[in-house]
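Novice: One structure, pasted below without further comment.
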Amino acid sequence: MLQSAEYARHVFDSAPASTPEGVGRAVAARVERQSLLYEPGRESVFVLTEGVLRTWPGSPALMLAQLDRLLAVESLSTVRLGVIPWRQAVPVMPRHGFTLSDTGAVVVETFRGERVLDDSAEVAAYEETFSRFEEAATFGSDVRELLLQVMKDFRDLDRSATR
């Protein structure tokens, strides 16, 4: 839900057995889902690791656009964006991306798609894991500073690549 369309295109394009048509449909669906971020009364909380911010497909320019997207989303009153910085130990090793849904389900991202888990014990385990990630994360002005620093690093990469 935080990905720019071009970043999402790179993510889906790198999946095993991807096709141009499938990638196009997946990108469109991902961008459409982002409308939830703007719904009044809905709060969305995201936690990323700094490693995610520094692992990049494509070019430094693509990452600069993606990081700019994160800055814009972080400023929304309906969104809390947290990052676990390099200097902070992770409370649990992040094995894969997941999304907790307010319908009592978890969407787990895999290389070949997404799986929805709705078993209450599974959901409770993911809720506990997310709480631990959230406690370790930094939010607000610290996140903005970190995003700006990572953007600076990508600008430096972009300049050195064009020399």
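The opening residue of the sequence shown carries number 629 in this note's numbering; numbering runs sequentially from there.
Ideal Cβ positions, reconstructed from N, Cα and C, are used throughout, including at glycine.
These figures come from a predicted structure and were not determined experimentally.
#1: According to the neighbour-count rule (16 or more other Cβ atoms, all chains shown, within 10 Å of its Cβ), is Phe739 buried or exposed?
#2: Is Asp786 closer than 8 Å to Ala793 when the C-beta atoms are compared?
#3: Contact between the stretch 676-691 and the stretch 648-668 is defined here as three or more beta-carbon pairs at a separation below 8 Å; is this criterion met?
#4: Could you pull the DSSP bridge partners for Ser792 from this structure?
#5: Tell me Arg708's beta-bridge partners as DSSP assigns them.
#6: In this structure, how does DSSP classify Arg715 when only helix, strand and coil are distinguished?
#7: Using a 10 Å radius around the Cβ and a threshold of 16 neighbouring Cβ atoms, would you call Arg670 buried or exposed?
#8: Under the DSSP definition of a beta bridge, which residues are partnered with Glu742?
#9: At the level of alpha carbons, what is the spacing between Val771 and Pro668?
Specialist: Inspection of the coordinates gives the following:
#1: With fewer than 16 Cβ atoms within 10 Å of its Cβ, Phe739 is classed as exposed.
#2: This structure gives no information on residue 793, because the portion of the chain shown stretches from 629 to 791.
#3: Contact between the stretch 676-691 and the stretch 648-668 is absent, because fewer than three Cβ pairs lie under 8 Å.
#4: This structure leaves residue 792 out entirely; the chain is present only between 629 and 791.
#5: Paired residue(s): Val673.
#6: Assigned with DSSP and collapsed to three states, Arg715 falls in coil, not helix or strand.
#7: Within a 10 Å sphere around the beta-carbon of Arg670 sit fewer than 16 other beta-carbons, which makes this residue exposed.
#8: Answer is Glu737.
#9: Take the alpha-carbon of Val771 and the one of Pro668: they are about 23 Å apart.
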